[in-house]
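K.L.:
Chain order of the listed sequences is D and E. Taking UniProt numbering, I'd label the letters of the first sequence as residues 1 to 754. Taking UniProt numbering, I'd label the letters of the second sequence as residues 1 to 754.
Protein chains: 2
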Amino acid sequence: MPTTDYSIGILQYIPFFYIIWSDDLLSASEISVVTRAIEDDNSLNEGEKQQLLLWLKRDFPPSNEEMKSWQRIISNSDVKLVENDTYPLTSLSQRLGNSNAHQQELNDYLKHIEINLGIQPNHYNHLFDVEVIHEKSSDQYSSTILDGILMGSHKSIVTDFRKFLDQSIFDWSIQRDKEKFRAKILKQVKFLGENGYGAMAYDEEYGGIGDMPAYAAIFEHLMFVDGSLAIKFGVQFGLFGGSIQKLGTKKHHDKYLAETGKTKLLGCFAMTETGHGSNVRGIKTTATYDKTSDLIVIHTPGKNDNKEYIGNALHSKMASVFAQLIVDGKNEGVHAVLVPLRDENHNVLKGITVEDNGYKLGLNGVDNGKIWFDQVKVPRTNLLDKYGEIRDDGTYFSAIKNSNKRFFTMLGTLVGGRICVAKGALGGAKMALTIAVKHALNRRQFNDSIKIQEDLIMDYPTHQVRLTPKVASVYVYHITLVELMKRYSDNSKFDKREIETQVAGLKSIITWFANDAIQECREACGGKGYLLENRIADLKGDVDIFTTFEGDNNVLLQLAAKGVLSDFKAEFNSAGFTSVLKLLRSQLADKLSTINPAYSNKVDKDHLYNPKFHKHAFSYRTRRLTYTLAMRIRNYIKKGIPSYQAFLKVQTHLLVLGKAYSVELAYEMYSEFCLTISNKEYKTLFEKLGTLYALNQIHTDASWYLEQGYIGGTKSKAIRQRVERLSTELRPHIEVLVDGFGIPEHCLTAPIAK
Amino acid sequence: MPTTDYSIGILQYIPFFYIIWSDDLLSASEISVVTRAIEDDNSLNEGEKQQLLLWLKRDFPPSNEEMKSWQRIISNSDVKLVENDTYPLTSLSQRLGNSNAHQQELNDYLKHIEINLGIQPNHYNHLFDVEVIHEKSSDQYSSTILDGILMGSHKSIVTDFRKFLDQSIFDWSIQRDKEKFRAKILKQVKFLGENGYGAMAYDEEYGGIGDMPAYAAIFEHLMFVDGSLAIKFGVQFGLFGGSIQKLGTKKHHDKYLAETGKTKLLGCFAMTETGHGSNVRGIKTTATYDKTSDLIVIHTPGKNDNKEYIGNALHSKMASVFAQLIVDGKNEGVHAVLVPLRDENHNVLKGITVEDNGYKLGLNGVDNGKIWFDQVKVPRTNLLDKYGEIRDDGTYFSAIKNSNKRFFTMLGTLVGGRICVAKGALGGAKMALTIAVKHALNRRQFNDSIKIQEDLIMDYPTHQVRLTPKVASVYVYHITLVELMKRYSDNSKFDKREIETQVAGLKSIITWFANDAIQECREACGGKGYLLENRIADLKGDVDIFTTFEGDNNVLLQLAAKGVLSDFKAEFNSAGFTSVLKLLRSQLADKLSTINPAYSNKVDKDHLYNPKFHKHAFSYRTRRLTYTLAMRIRNYIKKGIPSYQAFLKVQTHLLVLGKAYSVELAYEMYSEFCLTISNKEYKTLFEKLGTLYALNQIHTDASWYLEQGYIGGTKSKAIRQRVERLSTELRPHIEVLVDGFGIPEHCLTAPIAK
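(1) Three or more C-beta pairs under 8 Å: does that hold for the region 718-733 of chain E against the region 466-481 of chain E?
(2) With DSSP as the reference, identify every bridge partner of residue 463 of chain E, one or two as the case may be.
(3) Across which residues does DSSP place residue 276 of chain D in a beta bridge pair?
(4) Chain D partners of residue 176 of chain E, CB-CB under 9 Å?
(5) Closest Cβ-Cβ distance between residue 151 of chain D and chain E: below 8 Å?
(6) Could you check whether the Cβ of residue 552 of chain D sits closer than 8 Å to any Cβ belonging to chain E?
(7) What is the DSSP secondary structure of residue 595 of chain E, reduced to helix, strand or coil?
(8) Which runs of the beta strand (DSSP E) at least 3 residues long sit entirely within the region 2-55 of chain D? Give them in chain order.
(9) Look at the alpha carbon of residue 76 of chain D and the alpha carbon of residue 295 of chain E, and state the distance between them as a whole number of angstroms.
(10) Short of 8 Å in beta carbon distance, which residues of its chain neighbour residue 225 of chain E, apart from the five on each side in sequence? Order them along the chain.
(11) Classify residue 737 of chain D: buried if its beta carbon has 16 or more other beta carbons within 10 angstroms, exposed otherwise.
(12) In three-state terms, what does DSSP make of residue 724 of chain D?
(13) State the start and end residues of the unbroken alpha helix (DSSP H) segment that holds residue 411 of chain E.
(14) Since residue 657 of chain D and residue 564 of chain D are thought to touch, with beta carbons under 8 Å apart, how far apart are those beta carbons, to the nearest angstrom?
(15) Measuring only between beta-carbons, confirm whether residue 708 of chain D sits less than 8 Å from chain E.
(16) Below 7 Å on C-beta distance, what does residue 531 of chain E contact in chain D?
(17) Under DSSP, the alpha helix (DSSP H) around residue 419 of chain E begins and ends at which residues?
(18) Does any residue of chain E bring its CB to less than 8 Å from the CB of residue 630 of chain D?
(19) List the DSSP bridge partners of residue 747 of chain E.
(20) Give the range of the beta strand (DSSP E) segment to which residue 323 of chain D is assigned.
(21) Give the interface partners of residue 59 of chain E over in chain D, defined as CB-CB distance under 7 Å, in chain order.
(22) Is it buried or exposed, residue 161 of chain D, if we count other Cβ atoms within 10 angstroms and call 16 or more buried?
(23) Going by DSSP in three states, residue 704 of chain E sits in which element: helix, strand or coil?
(24) Going by CA-CA distance only, name the one from D/44, D/109, D/60 and D/10 that's closest to residue 74 of chain D.
(25) Mind listing the chain D neighbours of residue 702 of chain E? Cutoff is C-beta to C-beta under 8 Å, in chain order.
(26) What is the DSSP secondary structure of residue 443 of chain E, counted as helix, strand or coil?
(27) Given 8 Å as the limit, is there contact between the region 660-677 of chain E and the region 685-693 of chain E, that is, 3 or more CB pairs closer than that?
(28) Going by beta carbon distance, what residues of the same chain come within less than 7 Å of residue 758 of chain E, once the five residues before and after it are set aside?
(29) Apart from the five residues just before and just after residue 650 of chain E, which ones in its own chain have a Cβ nearer than 7 Å to its Cβ?
(30) Kindly list, in the order they appear in chain D, the residues whose Cβ is closer than 8 Å to that of residue 294 of chain E.
(31) Quick one: Cα of residue 336 of chain D to Cα of residue 319 of chain D, how far?
(32) Check the Cβ-Cβ distances between residue 713 of chain D and every residue of chain E, and say whether any is below 8 Å.
(33) Considering just the uninterrupted stretch of the alpha helix (DSSP H) at residue 165 of chain D, what are its terminal residues?
(34) Using the beta-carbon count (16 or more within 10 Å), is residue 379 of chain E buried or exposed?
(35) Report the three-state DSSP secondary structure of residue 382 of chain D (helix, strand or coil).
(36) What are the partner residues of residue 268 of chain D, as DSSP defines its beta bridges?
Below is the structure:
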C-alpha cells in the first residue's frame with residue numbers, strides 16, 4: 001500500500017503524473033521535459049526530486065495502487081478545475097497542496113511542463129472526479145488575427161466586400177422554383193457587376209483593377225451567400241469575360257469587356273458538348289470560314305454534338321463558342337468564336353436552339369442549357385484570335401505552328417477558372433465546418449450520469465477526430481490556393497505547364513476534400529444538418545458538381561500525373577506520349593534513398609511533428625510512385641504493347657501519383673508560408689495545423705507507406721494516435737479556428753450555428 | 001533475332017503467351033495450369049512442347065524482342081477478335097495457324113487455359129493490333145436467374161409487386177413543391193395500403209400475412225419508385241403500425257391495426273426530441289398517470305423537449321408518443337402512448353402544436369414536423385402496455401423488473417425498422433449503380449486515335465475499379481440483409497441481443513456503403529448524373545439521412561462494438577458498463593494464433609481467392625481488436641479511471657471494432673448462402689463476387705493488416721492487383737449483374753440508363 005502522505009512539493013506534481021501515466025503516449029522527449037523541470041525546480045528538496053524521478057521511469061511505471069491513491073487524493077481535495085485559467089493544470093495542482101495558490105504565484109516549472117506537453121483540460125477533466133468550471137473555448141488566440149493571416153494582401157478588399165455583402169439583396173432564403181431562383185441570382189450578379197466586382201480581373205480601362213487573385217478571394221465569399229451566385233458570377237465574368245480577355249484581342253476587349261464586367265452584356269461559355277465532356281479536343285461543333293461571304297458558319301453536326309450544360313444559357317445575349325475551325329477545307333483545331341444568341345427583346349436568333357437543362361441536384365439558381373447551332377453565320381472578326389487568326393486574305397495564321405500546342409495554350413489561359421472552382425469548394429467546406437463546429441459547441445448528448453449536464457458533442461473524441469483534421473486541412477488548402485493563384489497570375493516567374501499540372505492536381509484533391517468535409521458535417525449535425533435552413537444541405541448539392549466541372553477530377557489527376565512523369569516539359573495532352581517515353585530514361589536514374597529500420601520505427605514526438613519528416617514522406621511517395629510508374633510503362637512498351645494500351649494499364653497508378661503529388665505540393669506551399677508568419681505564437685499554431693494535416697495524410701495512406709516499408713507497424717500506430725491527440729489538443733481553439741475563416745455573421749444564417 | 005517461323009502447334013499458343021507475359025501477374029498456380037495443358041496437349045510434338053515450356057519459366061521470361069515478334073505475328077494475321085465467341089482467345093489463336101478453325105474444333109487444352117486463367121477479351125483487345133468485333137456484354141449468365149437467386153423465397157410476391165408498381169400512380173416526376181409532393185406520396189401510400197401491401201407484416205386477422213421479410217422486400221422496391229414513398233410507407237406501417245403491433249396488446253390491435261394497415265388511420269411515431277436524438281432514454285416528454293381521472297397526461301416540459309422530425313406529422317390523426325411514464329410519482333422509464341392529434345376535420349386537437357420541419361436535403365415528399373404537448377389527456381388504455389401496464393388499481397406493473405432491460409426490450413422489438421433502413425439504402429445503391437453502369441455502356445470518351453470509335457467508359461480500368469467492387473458489395477449485402485431479416489423474424493432460434501448488435505453494425509456499414517456508392521455513381525456519370533431527371537441526384541439526397549435516422553451510425557457502431565465485447569450477454573446500453581468489465585477477463589483468455597511469415601507473404605491466386613483466407617482475415621481482425629480494446633479498458637480501470645471516461649478514451653477503437661465485426665458477419669452470411677446455390681456456374685459467379693468483396697475490404701483496411709504484420713507488403717500489393725483484375729474480369733458480365741438487381745423497367749426512367 002503506497003503512502004498518500006505526500007509533501008506539498010510532491011503533491012503539486014501528482015496531477016501531472018496521474019495524467020502522464022493514465023495514457024501510454026509518453027515519449028522520450030516528453031520524459032526529458034519533465035525530468036529537466038524536476039531537476040531545476042528549486043522548490044523541491046533532494047528527497048522529493050528523487051521520488052518524482054523514480055516515478056518517471058518508463059520501465060517501472062507507478063503501480064495501479066499508486067495510481068488509484070493519486071486519483072483519491074485529487075478527488076477528495078475539494079479543488080475545482082477551472083478550464084479557462086491560463087495554466088489550469090498547474091493551478092489545480094498547486095491548490096492541492098495550498099488552497100490559496102494564485103495564478104501569479106504558480107510554479108514556473110509546472111507551467112513549463114503544462115505547455116510543453118500540450119496538456120489540455122479536455123484531456124483530463126473526466127479523469128479527476130472534481131467539479132469542473134467549464135469554458136466553451138479558449139481565448140488564447142484571436143480569430144481576427146487568424147482571419148487577417150488568411151486574408152493576407154487582400155485584407156482591405158475582402159473586408160470591404162464582406163460589408164458590401166451585408167445588404168438585403170444578398171439575404172439567403174430557401175428557393176425551390178428554378179425560375180424564381182434564377183431571377184434572384186441574376187439580380188445579384190448584376191448588382192455585383194454594377195458595383196465593379198465583376199471586372200476586378202480585367203484591366204483598368206475596362207473597369208477593373210487587373211487583380212485576378214483579388215477576384216478569386218471575392219469569388220470564394222460568394223459561396224457564403226449562395227453556391228448558385230458564385231457559379232453564375234464565375235460564368236459571366238470568369239468564363240465568358242475571361243475567354244474574351246484571354247483569347248481575344250484588343251478589338252474584342254474594346255467592344256465587349258467593359259460591357260461584360262458591368263453585366264450590360266450577358267454571356268456564356270459554350271465548350272462542353274453532350275458527346276464530349278472531358279475530351280474537349282474531340283468536340284464536333286464546326287466553325288467553317290466562308291471566304292466568299294467573309295463569314296464564319298457555326299454548326300452542330302450530329303444529335304449529340306450540341307453544347308451541353310452551358311451556364312447562363314438562358315439569360316445570355318452572346319456565347320463564346322468552342323468549335324473546330326475549318327479554313328479553306330483544313331481543320332485548324334478548336335478555337336473560340338463569339339456568337340450572338342438573342343436579340344434585344346431576348347428572342348433567340350435564327351438557327352439557334354436553346355433548351356433548359358432542367359432541375360439539378362444543386363445550383364438551381366444557375367440557368368444551364370443546351371445549345372444547337374444550325375448554320376449560324378457570324379463575322380470573321382468574331383473569332384477570338386489571339387492564338388490563331390483568319391487574315392484578310394482568308395488564310396489562317398498562328399504563331400504557334402503545332403496545333404496541339406496551340407490548343408493547350410488556349411486552354412491553359414483558362415486555368416484560373418479551375419483555381420476558382422477549388423476556392424469555391426473550399427469556401428463551401430469552411431461554411432459547413434463553421435456550422436458543424438458551432439452546433440457541436442451547443443449540442444449536448446449523453447453522459448455517464450443523468451444528474452449532471454450532458455457533454456457537448458464537441459467533447460467526444462470521435463467528434464474531434466471527425467472535424468478537427470478537416471479544419472486543419474482548410475487552413476492548409478486556403479494558403480495553398482492563395483499561393484497557387486499568385487503563381488498563376490505571375491506570368492514572369494513560373495513555368496506555365498507546371499502551374500497547369502499543379503492546378504489540375506490541387507483542384508481535384510481540394511474539391512474532393514470539400515465534398516468529404518461537407519458530408520462529414522452533414523452527418524455530424526445529424527437530422528439538423530439535413531434541413532435546408534441549416535445550409536449544409538445546399539452546400540452539399542452545390543459543391544458536389546465541383547468534382548466534375550472545369551475538368552473531371554479523375555481525368556485531371558491523370559493529367560497531373562503525366563505532368564509529373566514528364567517533369568512538366570513534355571506535351572502530354574496528346575495521345576502519342578512519345579515525349580514521355582524519352583523522359584522515362586532520365587526519371588529512372590533517380591535513385592531512391594533506402595529507409596533504415598531506425599527511421600521507419602522512429603515514433604518520437606519530435607520526429608513525428610517535424611516538418612522534415614512530413615516532407616520527406618511526401619516527397620518519397622511521389623518519387624517512388626513516379627519511378628515505379630515509369631518502370632511499368634517502359635516494360636510494357638519494350639514488349640511491344642502500344643503506348644495507349646500501356647497507359648490504360650497504369651491508369652489507377654496514375655491517379656495515385658496525381659494525388660500524392662498534389663498533397664506534397666500543398667504541404668510544401670503551406671510550410672513555406674508558415675515560415676513567413678512573424679508572430680511566434682500564431683506561427684506555432686499554424687505549424688500545428690500543418691502537422692495535423694500531414695500526419696492525417698500519412699495516416700490515410702498508411703497502407704502504402706507500410707507496404708513500402710517506409711514506416712513500420714509501430715510508427716503507423718503512433719501516427720494514428722498523434723492524429724487523435726492533436727485533434728483533442730486543438731479542441732479549446734476549435735471555435736476560434738473556424739471563426740478565423742472570417743465568414744460574415746450575416747451569411748451564417750443557419751439556426752444551429754447561432 | 002528470334003525466329004517468327006513457328007509451327008501451327010506453337011502458333012496457337014502465341015497469343016496466350018503474349019498475354020501472359022505482358023502482365024506480371026502470373027502466379028505459380030497459373031503456370032501450373034498452362035504447363036499441365038501443354039504437357040497433355042496431343043496436338044503438339046515433343047519439340048513444340050519443350051519450346052513452349054521453355055517460354056514458361058518465370059526466371060527467364062521471353063525477351064522483349066520475342067514479345068515484339070509475337071505482337072507482329074498477331075497484328076499481321078488478318079484475324080479478327082470476336083468478343084462474343086464462347087472462347088474468343090482460343091478461337092483467335094487457332095485461326096492464327098488455320099484460318100478455317102471453327103468453334104467446334106477448338107483445342108480443349110487452350111479452352112482449359114482460357115477458362116482457368118480467367119482471361120477476358122477486355123484484358124487484351126487493345127494488345128493485339130487487330131480488328132475487334134465488339135460486344136457490349138456477355139450472355140454467359142442470365143439476369144433472370146441472378147434476380148431469382150436474390151429474390152429467393154419471395155419470388156412470387158416480389159414479381160407480383162413489380163407488376164403492381166407498373167401503374168401510372170407510381171410514375172416518377174420531378175417534385176419541387178413540398179405540398180404537392182407530399183400530396184402525391186400520400187396518395188401512393190394510401191393506394192398501397194388499400195391494396196394490402198401496408199399490412200403484410202401484421203397477422204391475417206388484421207389484413208396481413210404475418211410476413212415481415214416479405215414486407216421488407218416490398219419496402220426496398222419502393223426506393224425504385226421514390227425515396228419519399230419508401231420512408232412514408234415505413235413510418236405509417238412499420239413505425240406507427242409496428243409500435244401498436246409490437247408494444248401494444250390485443251385491445252390496441254383490434255382497435256387500430258387493421259385501420260392502420262388500410263391507411264384509414266394515419267399515424268406517426270413520436271420518439272426523437274430536439275434535445276434528444278440518439279439518447280432516447282433521456283427524452284423529457286412526460287406521461288403522467290392521474291389516478292383521480294384515470295387519465296394519462298402527456299406534456300412537453302421545456303423548449304427543446306418537443307418531438308422533432310416526426311414523419312407523417314402533418315397527415316396523422318394519431319401519434320405513438322414515447323414519454324417518461326410517471327405513475328404515483330415514480331418514473332417507470334420510457335413507454336409509448338397513443339395520442340390523438342387531430343379531429344375528423346383534420347384540425348389539431350387542444351393542447352397540441354404541430355410545426356412543419358420545412359424543406360430538407362431530400363425526402364421532401366415526407367411531411368416531417370415538430371410536435372408539442374401541453375397537458376394533453378388520454379385514457380389509461382392508450383398506454384401501449386405489452387411490457388409495462390397501469391393496472392385497474394392505478395399501480396404500475398411490468399414482468400420485466402429492471403427498467404433498463406424493459407426499455408431495451410421495447411426498443412428491441414423495433415429493430416426490424418433498422419433492417420428496412422439498410423434495405424432501403426441498398427435499394428438506392430442498386431438503382432444508382434444500374435444507371436451508372438448502363439450509362440458507362442453507352443457513353444464513349446477519348447481514344448488513342450480520332451480515326452476509330454472512342455472507348456466505352458466502362459472499358460476504362462479506373463471506371464471498372466470504381467463501380468465493379470460496389471456491384472459485388474450489393475450482392476453480398478443483399479444476401480446478408482435477407483438472412484438478417486430471417487433471423488430477426490425467427491424468434492425461436494436466435495439470441496435477440498445478438499441480432500440487435502448485428503443489425504446495429506450492418507445498418508451502419510450498409511447505409512454508409514450506399515451513400516458512397518451513390519456518390520461514386522454521380523461522379524461516374526459526370527454532369528449527367530447531376531440532373532434530377534437521371535435520378536441519382538434524388539437518391540443521393542434521400543439516402544443521405546439513412547446514416548442518421550433509426551440510429552446514428554456512429555452511435556450504433558459503438559453499440560455493436562460493446563455487444564461484441566460482452567459476447568452479446570451483457571446489458572450494454574446502460575451507462576455502468578459493469579457487466580462488460582466482468583466479461584473482459586474471459587475475453588482476455590482468447591489466444592490469437594501467431595501469423596507466420598510464409599502466410600503473411602502468400603500471394604498465390606488459390607490462396608487469395610480462398611474463402612478460408614478471407615474468413616480468417618476478418619475473424620482475426622475482430623478478435624484482435626476485441627482483445628486490444630479489452631486490454632486498454634482494463635488498464636484504464638485498473639488505474640482508477642472512471643469507466644465512462646475509459647470508454648470515451650477508446651471511442652475511436654470502438655468504431656473500428658464495430659465496422660470490422662459487421663464486415664466479418666456480412667461475409668460469413670454471404671459465404672454460407674453461396675454453399676446453397678445448386679447451379680454450379682452461378683455458384684462460381686457468386687463466389688467470385690464474394691471474393692471481390694472480401695479482397696476489396698482487406699485492401700481498404702490494408703494499413704491495419706500491415707501494422708499487425710498479418711499481411712506483408714508484397715501480399716498487400718497482390719491483393720490490390722487482384723481487386724483490379726477481378727473488376728476487369730467481371731467487365732463482360734457487368735450489365736447482367738446490375739440487371740440481376742431486378743429493378744423494374746418502368747422504374748428506370750433515367751434517360752442515361754436507356
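Note that the Cβ used here is the ideal one computed from N, Cα and C, for glycine as well. Source: prediction; values computed, not measured.
P.N.:
Reading it off the structure:
(1) yes
(2) According to DSSP, which records beta bridges pairwise, residue 463 of chain E is partnered with nothing at all.
(3) D/273
(4) 176, 177, 178, 359 and 364
(5) no
(6) yes
(7) coil
(8) none
(9) 48 Å
(10) 165, 170, 172, 188 and 747
(11) buried
(12) helix
(13) 403-412
(14) 6 Å
(15) yes
(16) 357, 358 and 360
(17) 415-440
(18) no
(19) The partner list for residue 747 of chain E (beta bridge, DSSP) is empty, contrary to what the question assumes.
(20) 318-327
(21) Result: empty, since nearest Cβ-Cβ is about 16 Å, beyond 7 Å.
(22) buried
(23) helix
(24) D/10
(25) 703, 706 and 707
(26) coil
(27) yes
(28) Look at the range of chain E in this structure, 1 to 754, and you will see that residue 758 of chain E is not part of it.
(29) 629, 632 and 633
(30) Ordered by position in chain D, no residue passes the 8 Å Cβ test against residue 294 of chain E, which lies about 30 Å from the chain.
(31) 9 Å
(32) yes
(33) 155-165
(34) exposed
(35) helix
(36) D/319
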